Amino acid sequence: MTGRDEAIRAQVAEVFADGWGRITATLIRLTGDWELAEECAQDSFARALARWPADGVPDKPLAWLITTARHRAVDRLRRAAAEAGKLRQIAAQASRVPGPAVIADSSGIPDDRLELMFTCAHPALATDAQVALTLRSLAGLTTAEIARAFLVSEHTMGQRLFRAKQKVAHAVIPFRVPPAHLLPDRLPCVLNVLYLLFNEGYGATDGDDLVRPRLLEEALRLTRVLVSLMPGEAEAEGLLALMLLTDSRRAARLDTAGDLVPLDQQDRSRWDAGQIAEGLDRAERALRRGRPGPFQIQAAIAACHASATTAAQTDWPQIALLYEQLARRTPNPVVALNRAVAVGMSEGPQAGLLLADELTGALAGYYLLPATRADLLRRAGRPAEAAAEYRRAASLAPTAPERRYLLARLADTEAASHG
Numbered sequence: 001m002t003g004r005d006e007a008i009r010a011q012v013a014e015v016f017a018d019g020w021g022r023i024t025a026t027l028i029r030l031t032g033d034w035e036l037a038e039e040c041a042q043d044s045f046a047r048a049l050a051r052w053p054a055d056g057v058p059d060k061p062l063a064w065l066i067t068t069a070r071h072r073a074v075d076r077l078r079r080a081a082a083e084a085g086k087l088r089q090i091a092a093q094a095s096r097v098p099g100p101a102v103i104a105d106s107s108g109i110p111d112d113r114l115e116l117m118f119t120c121a122h123p124a125l126a127t128d129a130q131v132a133l134t135l136r137s138l139a140g141l142t143t144a145e146i147a148r149a150f151l152v153s154e155h156t157m158g159q160r161l162f163r164a165k166q167k168v169a170h171a172v173i174p175f176r177v178p179p180a181h182l183l184p185d186r187l188p189c190v191l192n193v194l195y196l197l198f199n200e201g202y203g204a205t206d207g208d209d210l211v212r213p214r215l216l217e218e219a220l221r222l223t224r225v226l227v228s229l230m231p232g233e234a235e236a237e238g239l240l241a242l243m244l245l246t247d248s249r250r251a252a253r254l255d256t257a258g259d260l261v262p263l264d265q266q267d268r269s270r271w272d273a274g275q276i277a278e279g280l281d282r283a284e285r286a287l288r289r290g291r292p293g294p295f296q297i298q299a300a301i302a303a304c305h306a307s308a309t310t311a312a313q314t315d316w317p318q319i320a321l322l323y324e325q326l327a328r329r330t331p332n333p334v335v336a337l338n339r340a341v342a343v344g345m346s347e348g349p350q351a352g353l354l355l356a357d358e359l360t361g362a363l364a365g366y367y368l369l370p371a372t373r374a375d376l377l378r379r380a381g382r383p384a385e386a387a388a389e390y391r392r393a394a395s396l397a398p399t400a401p402e403r404r405y406l407l408a409r410l411a412d413t414e415a416a417s418h419g
């Protein structure tokens, strides 16, 4: 492969990160067929890889991909005699579907992606199915990536996605932002989608890279859109605050070699002061509305970290109390594990271990459980047990930077136990 071909492949990958959701959302609006939309979107990228090396990259690559995908979808329907009625429907709708020239228009509802979010958040679908379907269709995450985010097998997630798409088709769920009086009922799912999208960007569930910047930026952009669309929703603003405060640490999370730097060792001068200021302001405004929810509580936790000048000044007792509140509102094992960490920091490692040990069944196979136990055991002066847990955590870690970090901690712990 020539250097030019590699450059074009990189451009296609870049457009994929930004454009997958736009293309699939446009095609779903056009055809109402989730599977067809994804297949034609994939085909448009395959054609780009085949044609752009010879023809050159178009001036507007996203518009080229959308046009190619739409033509492919219409051709597929035209070849199916049973779809004659569908073609008439598409012809009638064509004037209402944004063309490539106006895809980036940000007036009103900025683009089809937000409408796709609310379509996936239809009450006819289970919450897990809503979130998974949107992550697949809007963000282009693979079934395996979504499965890891949900802590289930790829086979199980594939079945969930298939059933969700079938239900959307059979229920004839409309592709639109629902009326204003229905928005609050749909909002929790949309917020969960954005949160998982952000998490996949901030801490990837697979691969050589810990951070996927475009997913982060897309999650932040769409959350800002949502806050502007629903300015009175405290949880939407709380989520935006949480994202800003968390993402403010991005530049300090990896060293020059690409290795993970834990929170307590990060150079806080590299944290983004502008994001922190905006995040703190939004978190405070959301909490002043007097309707605290899970994302606002998490934003308050992130604010405790962001407000500490040094790691030693972190208000761990307050963080432990906030996690206790969060656990009451959203009782799940990952929240419980984070509470164990906070309790271990505020009350001592043995107290944290007692809480972490209760999660061995619920979080079997989740690498952060042995990683957390390893750190608590090391701090409790039990290096041999800590080394065994670091070894187990490294074998389960999903990304290369996390594996390298855990193996380094393992080496340090083994050296201490032999010293």
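Under my numbering, the residue at position 231 of the sequence shown is numbered 231, and the numbers go up by one with no gaps.
Ideal Cβ positions, reconstructed from N, Cα and C, are used throughout, including at glycine.
Since the model is a prediction, treat every value here as computed from it, not as a measurement.
{"Item": "Start-to-end residues for the alpha helix (DSSP H) that takes in V335", "Value": "P333 to E347"}
{"Item": "Contact check, L337 vs L369, beta carbons under 8 angstroms", "Value": "yes"}
{"Item": "With 16 other Cβ atoms within 10 Å as the buried cut-off, status of S137", "Value": "buried"}
{"Item": "Where L263 falls: helix, strand or coil (DSSP)", "Value": "helix"}
{"Item": "CB-CB length for R268 against V261, believed under 8 angstroms", "Value": "Going by Cβ atoms, the distance from R268 to V261 rounds to 11 angstroms, so no, they are not a contact pair."}
{"Item": "Segment contact, 8 angstroms Cβ cut-off, at least three pairs: the region 298-308 with the region 239-250", "Value": "yes"}
{"Item": "Local conformation of T223 per DSSP, three classes", "Value": "helix"}
{"Item": "Proximity to G352 [Cα-Cα], best of Y323, E237 and I276", "Value": "Y323"}
{"Item": "Integer-rounded CB distance, given that I23 should sit under 8 angstroms from V57", "Value": "17 angstroms between Cβ atoms; not a contact."}
{"Item": "A126 and V190 closer than 8 angstroms at C-beta", "Value": "no"}
{"Item": "Cβ neighbour criterion (16 or more within 10 Å) applied to E6", "Value": "exposed"}
{"Item": "Distance, L359 Cα to Q350 Cα", "Value": "15 angstroms"}
{"Item": "Nearest candidate by alpha-carbon position, reference A320, set A342, E237 and V211", "Value": "A342"}
{"Item": "Test item: CB-CB of A25 and R113 under 8 angstroms", "Value": "yes"}
{"Item": "Proximal residues to Q325 (C-beta, below 7 angstroms), its chain only, five neighbours per side dropped", "Value": "I297"}
{"Item": "One or two residues paired with T68 in a DSSP bridge", "Value": "The partner list for T68 (beta bridge, DSSP) is empty, contrary to what the question assumes."}
{"Item": "Nearest candidate by alpha-carbon position, reference G203, set R339, R379, P398 and T156", "Value": "P398"}
{"Item": "L226 vs F295 beta-carbon contact at 8 angstroms", "Value": "no"}
{"Item": "Q265 classed as buried or exposed, judged by whether at least 16 other C-beta atoms fall within 10 angstroms", "Value": "exposed"}
{"Item": "Counted within 10 angstroms of its Cβ, other Cβ atoms place N332 as buried (16 or more) or exposed", "Value": "exposed"}
{"Item": "Neighbourhood of A308 by C-beta distance below 6 angstroms, restricted to the same chain and skipping five residues each side", "Value": "T314"}
{"Item": "Helix, strand or coil at T330 [DSSP, three-state]", "Value": "coil"}
{"Item": "4 or more residues per run - each alpha helix (DSSP H) lying fully within the region 108-138", "Value": "112-120 and 127-137"}
{"Item": "Within 8 angstroms, strictly: CB atoms of T413 and R379", "Value": "no"}
{"Item": "The alpha helix (DSSP H) enclosing G279, as first and last residue numbers", "Value": "A273 to R288"}
{"Item": "Start-to-end residues for the alpha helix (DSSP H) that takes in E385", "Value": "P383 to L396"}
{"Item": "Assigned secondary structure, S106 (DSSP; H/G/I helix, E/B strand, else coil)", "Value": "For S106, the predicted structure reports a pLDDT of 35, less than 50, and the residue's modelled location is therefore unreliable. The matter cannot be settled from this model."}
{"Item": "C-beta atoms of P401 and D259 nearer than 8 angstroms", "Value": "yes"}
{"Item": "Beta-carbon gap between R391 and L363 smaller than 8 angstroms", "Value": "no"}
{"Item": "Whole-angstrom distance between M157 and A46, CA atom to CA atom", "Value": "25 angstroms"}
{"Item": "Alpha-carbon spacing of E385 relative to R373, whole angstroms", "Value": "9 angstroms"}
{"Item": "Exposed unless 16 or more other CB atoms sit within 10 angstroms - verdict on A69", "Value": "buried"}
{"Item": "Selected residue, minimal CA-CA separation from S248, among A236, A48 and P213", "Value": "P213"}
{"Item": "For L151, three-class secondary structure by DSSP", "Value": "coil"}
{"Item": "For L215 and A139, believed in contact at Cβ under 8 angstroms, the rounded distance", "Value": "7 angstroms"}
{"Item": "Minimum C-alpha distance to A387 - residue among Y366, R404 and A415", "Value": "A415"}
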